[in-house]
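A quick write-up on the structure given underneath.
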Amino acid sequence: MSIVKRRLLTVVMDGVGETDSDFGNAVKLAWTPVLDRLKKYALYTKVKAHGSHVGLPSDADMGNSEVGHNALGAGRVFDQGAKLVRNAMTSGEIFNASGWKSLLSNLSGAGTLHFIGLLSDGNVHSHQDHLHQLIEQAKKDGVKCVRLHLLLDGRDVGEKSAEIYIHRLEKVMNHLRSISFDVKVASGGGRMTTTMDRYDADWSMVERGWKAHVLGKAENRFLSIGQAMSVFREDPELGDQYLPAFVITDKDSKPVGTINDGDGVVFFNFRGDRSIEISKAFTEKDFSVFDRERFPDVHYVGMMEYDGDEHIPGNFLVPPPAIANTLGEQFAYSGIKQFACSETQKYGHVTFFWNGNRSGFFDPKIEEYVEIPSDNISFDKRPAMKAWEITEATIDRLKRGTFDFGRINFANGDMVGHTGNLGASVAAVSVVDLMLGKLVSACEATDTILVVTSDHGNCDEMYEGKPILGWRDLLPDQLPPPKTSHTLSDVPFIVYDPRGNDQYQLADGQFSIAHFAATAQALMGLSVNNDFLPPIIEVK
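Here the sequence shown is numbered in my numbering, starting from 23 and rising by one per residue.
Shown next as structure tokens:
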């Protein structure tokens, strides 16, 4: 007999935030009769999903899917990558630790130190200030040659904002450059075309990055990054995240910064999901996903350890947060059957990140994880993504009664929202609402409590700037630039019990998604872990 009194299904509507204005708000513009009905008749409130509420440095920092799922699964707030790296940089601890010292000690006398990563101040995967400080410290520590391999953002920041970050970086390089310190940009590309794949979705991105960064091979070759941006800007439809891979050469067409034996390499992103594959390419001797052509003997270091179970990479600059005793772990060791499902783009979020940056199962006998392969196309081309397949897989398990606690993620609001396409994002949210209707019916038929929430905002703000009155009557070229980043919005938190919601009431206080774990325990009739943040609801 299960110790669970009630079964619970949790739906994470990724990237669906709550914003009052309908200005470019795909959530308000979408057809959402199910969400509207749940908000009216179920138990509904808004909770925090950004900044200090989820372990980020300040409340000016947008939430993201990684830290959001950490918070949902951990039941409390841990300092996350952005904050850990900032603190290590501020204190100087990062440069006194073994990761940095081993990097320098393994750099050969004529070796080049390479920095690869996302150039922006989005503070979701990286921050430009970290790169600036790493370059400055490299010079202080006697490094003679530095090469930069820049992945351009346009996703966590403005769609076409790369020049801002390039200009700031060039100021730093010009200040540091001297006869004894040579620093140049060597290669780059947009984050959605080059290097930053995740969950084995599209290894060709990593291969393009490898060829550009390591081999100096790319169809697009320029004499400077300034020239590269000038050429790319000739295409008005091309945003930063989709810029093709490129290589910087000298006047004789020779790449200025290939990666060779004896060099050092730092991947300066702190977030793990889009850092693991490139780390494998640099560190695995028996790597076979694509032909590396050449495997240089380098000392590779990550900003953090991106996978704590597989220890990827083996060398890193800042230790990751130690997240233990998560909701999933407690459930597994209590014999509570679990089900997790999403498509490839968010599969790791309902498994790895939910479980405190831990891969694999706690107990495979009572846990089932289902990955629905994502399509390898721009998500605004198919905004439904894999919502239907996720829904059908979940309903099948509900009918068969195979789990006590389920968690699924609909990636639509986030992944389509990142494209900046408002119309497609409206369609994406509408599809999620349609799937919610199917799940509500299935929960009613199986006496399952349903919790609907999100991990952060995104598609609730699809235009930059302040709301404009009468914006719907404006022509496309009169509207502000698309907003492709996350938002600071609150997110919905809905509890629907088919037996009736009058047995619950909202607790007093301000809550965040980190309060979910205790809420789940309370809804399922379990003792609430005192280490967790208190529940959002009270059972009457």
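Glycine is no exception: its CB is placed at the ideal position from the N, C-alpha and C atoms. Please read these numbers as outputs of a predicted model, since none were measured by experiment.
Out of curiosity, what's the CA-to-CA distance linking residue i and residue j?
i, j, result
"residue 632", "residue 508", "The structure shown has nothing for residue 632, since the chain only spans 23 to 562."
"residue 180", "residue 495", "24 Å"
"residue 98", "residue 67", "19 Å"
"residue 76", "residue 86", "9 Å"
"residue 121", "residue 166", "19 Å"
"residue 159", "residue 105", "20 Å"
"residue 551", "residue 540", "7 Å"
"residue 477", "residue 185", "30 Å"
"residue 194", "residue 201", "16 Å"
"residue 450", "residue 198", "47 Å"
"residue 327", "residue 380", "12 Å"
"residue 169", "residue 90", "34 Å"
"residue 527", "residue 33", "20 Å"
"residue 352", "residue 385", "11 Å"
"residue 487", "residue 502", "7 Å"
"residue 555", "residue 465", "27 Å"
"residue 38", "residue 62", "18 Å"
"residue 432", "residue 524", "28 Å"
"residue 40", "residue 307", "47 Å"
"residue 329", "residue 485", "35 Å"
"residue 109", "residue 80", "12 Å"
"residue 78", "residue 274", "46 Å"
For the beta strand (DSSP E) containing residue i, list its first residue and its last residue.
i, result
"residue 138", "135-141"
"residue 206", "204-212"
"residue 169", "167-174"
"residue 63", "First-last for residue 63: 55-63, but that is the alpha helix (DSSP H), not the beta strand (DSSP E)."
"residue 198", "Premise fails: residue 198 lies in the alpha helix (DSSP H), 184-198, not in any beta strand (DSSP E)."
"residue 49", "Note, residue 49: premise wrong, no beta strand (DSSP E); alpha helix (DSSP H) at 48-51."
"residue 399", "First-last for residue 399: undefined, no H or E at that position."
"residue 515", "513-518"
Is the distance from the Cβ of residue i to the Cβ of residue j below 8 Å?
i, j, result
"residue 156", "residue 212", "no"
"residue 434", "residue 448", "no"
"residue 348", "residue 95", "yes"
"residue 139", "residue 153", "yes"
"residue 376", "residue 419", "no"
"residue 144", "residue 178", "yes"
"residue 57", "residue 482", "no"
"residue 136", "residue 287", "yes"
"residue 313", "residue 26", "no"
"residue 516", "residue 51", "no"
"residue 534", "residue 69", "yes"
"residue 305", "residue 261", "no"
"residue 407", "residue 437", "yes"
"residue 405", "residue 446", "yes"
"residue 444", "residue 82", "no"
Compute the beta-carbon to beta-carbon distance between residue i and residue j, rounded to the nearest angstrom, for a pair I have assumed lies under 8 Å.
i, j, result
"residue 529", "residue 557", "6 Å"
"residue 92", "residue 358", "The Cβ separation is near 20 Å, so there is no contact."
"residue 490", "residue 100", "Contact doesn't hold; Cβ gap of about 39 Å is too wide."
"residue 65", "residue 542", "The pair is not a contact, with the Cβ atoms about 14 Å apart (cut-off 8 Å)."
"residue 84", "residue 510", "6 Å"
"residue 410", "residue 311", "No, residue 410 and residue 311 are not in contact; Cβ-Cβ is about 30 Å, not under 8 Å."
"residue 400", "residue 373", "Contact doesn't hold; Cβ gap of about 25 Å is too wide."
"residue 217", "residue 231", "3 Å"
"residue 126", "residue 172", "At roughly 22 Å, the Cβ-Cβ gap does not stay under 8 Å, so residue 126 and residue 172 are not in contact."
"residue 459", "residue 513", "Not confirmed; about 20 Å, so no contact."
Could you check where the alpha helix (DSSP H) with residue i kicks off and where it finishes?
i, result
"residue 364", "No alpha helix (DSSP H) holds residue 364; the beta strand (DSSP E) holding it covers 360-365."
"residue 118", "115-118"
"residue 98", "Premise fails: residue 98 is in no alpha helix (DSSP H) and is neither H nor E."
"residue 324", "Element bounds for residue 324: not the alpha helix (DSSP H) but the beta strand (DSSP E), 321-326."
"residue 304", "298-305"
"residue 461", "444-468"
"residue 349", "349-355"
Given 8 Å, three or more beta-carbon pairs between the region 249-269 and the region 286-301: Result no; under three Cβ-Cβ pairs closer than 8 Å.
Segment contact, 8 Å Cβ cut-off, at least three pairs: the region 362-369 with the region 387-399: yes
At least three beta-carbon pairs within less than 8 Å, the region 116-130 to the region 321-335: yes
Segment contact, 8 Å Cβ cut-off, at least three pairs: the region 272-291 with the region 198-210: yes
Meets three-Cβ-pair contact criterion under 8 Å: the region 295-303 and the region 240-248: no
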